Amino acid sequence: MSSSPRPRLLARMAAALVASTAVVCLAPAIANAALVLDTGTPTAGANLEELGTSQWFAAEFALSAGQTVTSLSTFLSGNTGASYTLDIFSGAFTGVRQSAQTLDYSTTGTFTTDNAWNTTNTNWTATTNGDYWVAIELTSTLPRGSVVNLETTANNGTAPALGFAYLGSSTNGEFTTSGAPDVAFQVNATTPVPLPATAWLLGGGLLGFLGFRRSRVAIRQRP
Amino acid sequence: MKIAFQGAPNLRRIALTLSLVGAGLGCGATAGAQSDPVIFSFSTVGDSRTDPGKADATTLLANPSPTTEGGQPSLTGTILPQDNQWVTNTEAFQTIINGIKSQNPNLLFFNGDIVFGYGRPILPSAWANGKPNSWTQTESVTPDAVFEYIQYAYWRGMVANLFLSGTYVMPVPGNHETQCSYSAEPYSSSAPNPNCNNASGSVTNTSWPNNLTGKTAYPENENMFRFNMGDLISDLTTNIRFSNVTGFFATNTNGLTQTTAPGVSDTNSGNDQTDLSYSFDIAPQAGVLLHFVVINTDPSGNDSTAPVNWLSNDLAAAKQRGVTNVFVFGHKPAFTYNYLSATAGTSVLPPTTNNPGPGGLDANYTTSVVNGVTTYATPNRDAFWSLIAQYGATYFSGHEHTVNISEQADPTGTYATTPYQVIVGSGGSPFDDKLVGTCSASKPPGCVEPNSAGSHEYDRYYAWATVSVHASGNISLQVSGFSDQFGPVQDLGIYDVATLQTVGQAQTAAAAAVVKTKKTPKTAATRHSTKPLLAARH
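Heads up: the sequence lines are chains U and P, in that order. According to numbering that gives the first Met the number 0, the first sequence is numbered sequentially starting from 0. According to numbering that gives the first Met the number 0, the second sequence is numbered sequentially starting from 0.
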């Protein structure tokens with residue numbers, strides 16, 4: 000059995016319309032993704048901090064409730080292949096003896112590209128307004144003789160860090176801001192599109208579709 | 000029914016092509032890092048002991064109030080009781096160990112000054128093998144022996160975990176292990192160690208010859224090193240764990256018996272040098288045969304000397320076996336690094352105000368005056384470095400409490416190569432480069448304050464070096480460290496060396512044309528490499 004050309008065309012057009020409506024609905028959310036932390040791209044090779052299994056490096060940034068962190072990036076150099084842990088803490092690291100921060104989110108990343116931003120996609124939404132910290136530590140044993148470095152920056156990117164902290168062998172197992180290096184981080188986050196706007200777009204799309212369908216029926220019913 | 004866009008196949012092809020290109024790029028990054036993989040690596044550092052009487056100012060701690068947090072750094076504070084008792088800069092050395100574990104090398108060569116030592120650890124005669132478990136109720140030991148045993152035990156405990164993570168520790172004897180200092184803590188100039196020579200060479204109860212620095216190496220001290228470190232060295236042949244930890248077998252061991260160790264020609268005494276100077280080979284891949292040599296630079300009977308006769312024979316035999324690379328480890332540097340070199344030249348002779356003079360193998364010098372001009376001769380040092388140059392080796396040392404990398408020419412002018420000297424005596428001992436204001440007003444020798452005269456950036460950094468042997472044959476060096484304020488571990492890029500050696504260097508250097516006309520020896524030029532950092536690692 001072969002279908003008539005007209006319903007087939009209609010089905011195609013309907014599918015295209017639904018798809019375009021969906022794109023229209025989603026587009027604002029994608030466009031709204033922005034860097035909420037960007038310390039700037041480092042000058043390669045300048046003052047490298049070695050990423051080891053016994054020290055963490057962290058940078059501070061602000062989030063509003065409802066913002067979703069979609070990716071975390073660090074600028075790494077050295078021998079690729081190692082894996083690392085990325086954590087998001089809430090609260091402020093000030094001075095020393097700051098081990099009581101709340102761990103809100105944890106993920107892992109892999110060092111894949113030398114001397115470049117290495118990005119891990121995430122999907123975590125902040126529930127409260129406030130300051131947060133993204134922190135990184137090496138978790139895997141490196142291949143023999145390998146080194147992974149975090150590169151430092153002038154903290155002059157599009158969204159400079161509010162502060163830096165680190166945890167090392169000398170800090171009693173606790174983060175400290177004293178002497179913490181300015182290491183390169185980027186955090187990307189989206190703000191959800193308000194429901195009324197989304198509904199308006201979806202509704203508009205559906206109305207358009209119904210209008211189109213009605214006009215097609217009217218044309219078909221003409222003698 | 001076939002519902003498909005005509006362009007879809009092309010789109011699929013494009014998508015497939017893009018994904019392949021993307022995958023290729025992604026894989027390319029990984030492949031790039033592995034295109035010249037590391038087939039063997041080792042780390043090296045020395046001098047983790049501290050000084051109970053003269054700890055570095057930045058390691059002092061204060062407890063300002065019973066109601067506030069204590070242990071904050073304070074120049075007027077005191078040394079941590081733990082480090083005072085076991086005489087180790089625990090925090091600095093533990094941080095270094097953690098850093099080395101992260102880099103996961105096959106070997107760690109520890110370049111001496113494992114303990115503060117400096118006593119004369121005379122054991123009861125019944126302790127023929129030096130083991131405490133052989134003692135009896137009727138035996139007693141000297142305080143110096145107890146003092147040194149606990150320090151060795153503390154150090155061994157600190158490095159024990161490295162074996163579990165795949166890094167085997169090779170010990171190098173330092174002067175604090177082999178020598179006795181008549182006035183070192185808990186003794187003093189006014190109440191000297193009765194078993195050691197004093198500075199003027201007068202003897203209390205021994206006729207042992209004095210040396211140039213007021214410190215003297217004794218067989219009992221060398222025994223103490225063997226008793227506490229010998230198992231690590233003998234395992235090169237007994238292989239109870241060496242291959243299991245490193246992944247490689249050690250072959251062609253030398254110096255592990257009295258007959259193969261340096262003899263009278265190198266010690267002037269014939270005292271047993273077993274396990275004090277030793278060597279072995281490792282073959283990480285076909286065509287690469289690495290030769291590692293450890294030397295005792297303070298043998299009893301011949302302080303501040305390298306065993307050049309033994310080394311000459313050892314390296315000649317290694318060449319016969321087709322060794323491609325040579326790495327030599329000793330405690331004392333061949334060329335003393337001058338902390339004032341940034342502003343006042345590199346010469347360490349003669350000693351002057353704020354210049355303590357030579358402290359390495361070049362401390363063993365003679366002077367002669369011709370027409371009122373004083374010249375200095377260092378025959379043992381020169382012969383040693385000529386061997387290093389002949390075989391294209393690299394020499395790693397400690398003793399000076401800093402990090403410094405330099406290229407040094409053959410002082411005899413015989414060979415044209417300029418091998419690297421790598422000083423990494425930066426494992427926790429009090430820095431030689433003192434903080435301004437922490438020397439007494441008279442600035443006695445040994446208390447330099449070049450901070451006020453343009454010292455180098457990392458003179459007061461705790462640091463270690465890691466050498467990587469790549470599949471391509473390139474051998475690179477990377478220096479890692481952290482500040483005297485115990486900041487985060489950094490790559491001390493100015494000291495990284497992209498090409499320390501290449502595979503075959505031992506062969507080609509040995510065959511290199513002998514210098515026809517005598518060259519002017521290069522002075523101890525400090526290396527401040529500006530080579531691209533990343534090149535050192537790939």
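Every residue gets a Cβ at the ideal spot worked out from N, C-alpha and C, and that includes glycine. The structure presented is a predicted model; accordingly, all values stated were derived computationally and were not measured.
Residue range of the alpha helix (DSSP H) that includes residue i
i        : result
P/Asp230 : 218-237
P/Leu386 : 378-389
P/His175 : 174-177
P/Phe241 : 241-245
P/Pro283 : Counting along the chain, P/Pro283 falls outside any alpha helix (DSSP H), though it belongs to the beta strand (DSSP E) covering 277-284.
P/Gly98  : 89-102
Where the beta strand (DSSP E) containing residue i begins and where it ends
i        : result
U/Asp130 : 129-137
P/Val168 : 167-170
P/Trp126 : Unbroken run through P/Trp126: none, as it is neither H nor E.
P/Gly156 : Segment 142-163 is the alpha helix (DSSP H) holding P/Gly156; no beta strand (DSSP E) there.
P/Asn403 : 402-406
U/Pro187 : Note on identity: in this sequence residue 187 of chain U is Asn, with Pro being the wrong assignment. Start and end: 184-189.
P/Asn473 : 473-482
P/Val369 : 365-369
P/Pro263 : A quick correction: the sequence has Val, not Pro, at residue 263 of chain P. It is not in any beta strand (DSSP E) - P/Val263 instead sits in the alpha helix (DSSP H) that spans 263-266.
U/Leu85  : 82-89
Test item: CB-CB of residue i and residue j under 9 Å
i        : j        : result
P/Thr94  : P/Val488 : yes
P/Ala315 : P/Asn251 : no
U/Tyr131 : U/Leu62  : yes
U/Gln66  : U/Thr119 : no
P/Asp313 : P/Val292 : yes
P/Gly412 : P/Val171 : no
P/Ile99  : P/Trp463 : yes
P/Gly118 : P/Ala91  : no
U/Leu36  : U/Val182 : no
P/Thr49  : P/Asn88  : yes
P/Ala465 : P/Ser479 : First, the amino acid is wrong: residue 465 of chain P is Thr here, not Ala. It is a contact, given that the beta carbons lie within the stated cut-off.
P/Tyr167 : P/Leu255 : no
P/Val263 : P/Ala415 : no
U/Gly162 : U/Ala188 : no
U/Gly77  : U/Ser145 : yes
Buried or exposed (CB count within 10 angstroms, at least 16 for buried), residue i
i        : result
P/Gln102 : buried
P/Ser47  : buried
P/Arg225 : buried
P/Val44  : buried
P/Asn243 : exposed
P/Leu163 : exposed
P/Ala508 : buried
U/Asn122 : exposed
P/Tyr461 : buried
U/Ile87  : buried
P/Ile294 : buried
P/Asn204 : Low local confidence applies: a pLDDT of 38 at P/Asn204 is under 50, so the model's placement there is unreliable, with the coordinate-based value given in what follows. Exposed is the call here.
Nearest candidate by alpha-carbon position, reference residue i, set the options
i        : options                                : result
P/Ile113 : P/Glu138, P/Val86, P/Asn105            : P/Val86
P/Val496 : P/Glu138, P/Ser405, P/Ala392, P/Asp271 : P/Ser405
U/Ser53  : U/Ile135, U/Gly162, U/Gly108           : U/Ile135
P/Pro218 : P/Ile78, P/Asp297, P/Ala382            : P/Asp297
U/Leu75  : U/Gly162, U/Phe56, U/Gly90             : U/Phe56
P/Val423 : P/Asp234, P/Phe108, P/His469, P/Ile38  : P/Phe108
P/Leu476 : P/Thr413, P/Thr66, P/Asn370, P/Phe395  : P/Phe395
P/Phe326 : P/Asp431, P/Ala505, P/Phe247, P/Asp55  : P/Ala505
P/Gln284 : P/His469, P/Ala511, P/Val372, P/Tyr186 : P/His469
P/Tyr336 : P/Ala216, P/Gly358, P/Gly173           : P/Gly358
P/Gly503 : P/Asn473, P/Val513, P/Tyr419           : P/Asn473
U/Pro41  : U/Ser139, U/Ser89, U/Ser82, U/Glu150   : U/Glu150
P/Asp409 : P/Lys433, P/Arg380, P/Gly427           : P/Arg380
Residue-level contact to chain C via CB, residue i, 9 Å cutoff
i       : result
U/Gln54 : You won't find chain C in this structure, because its protein chains are U and P.
Residue i Cβ short of 8 Å to the ligand SAM heavy atom set
i        : result
P/Phe146 : The model on display carries no ligand, and the ligand SAM is accordingly not part of it.
Between the segment 254-269 of chain P and chain U, which residues of the former have a C-beta closer than 8 Å to a C-beta of the latter?
-> none
Residues within the segment 138-169 of chain U neighbouring chain P, beta-carbon criterion of under 8 Å | Thr140, Leu141, Pro142, Arg143, Gly144, Ser145, Val146, Asn148, Tyr165, Gly167, Ser168, Ser169
Could you please tell me which residues of the segment 32-45 of chain P, in chain order, have their CB closer than 9 Å to any CB of chain U?
-> Here the close residues are Ala32, Gln33, Pro36, Val37, Ile38, Phe39, Ser40, Phe41, Ser42.
What residues from the segment 88-113 of chain P come within 8 Å of chain U, judged by C-beta to C-beta, listed N to C?
-> Glu90, Gln93, Thr94, Asn97, Gly98, Lys100, Ser101, Gln102, Asn103, Pro104, Asn105
Can you list, in chain order, the residues of the segment 43-73 of chain U whose Cβ is nearer than 9 Å to any Cβ on chain P?
-> Ala43, Gly44, Ala45, Asn46, Leu47, Glu48, Glu49, Leu50, Gly51, Thr52, Ser53, Gln54, Phe56
Chain P contacts made by the segment 177-188 of chain U, where a contact means CB separation under 7 Å | Gly178, Pro180
Along the segment 472-493 of chain P, what residues have a CB closer than 7 Å to any CB found in chain U?
-> Gln477, Ser479, Gln484, Phe485, Gly486, Pro487, Val488, Gln489, Asp490, Gly492
Taking Cβ-Cβ distances below 8 Å as the criterion, which residues of the segment 398-429 of chain P are in contact with chain U?
-> none
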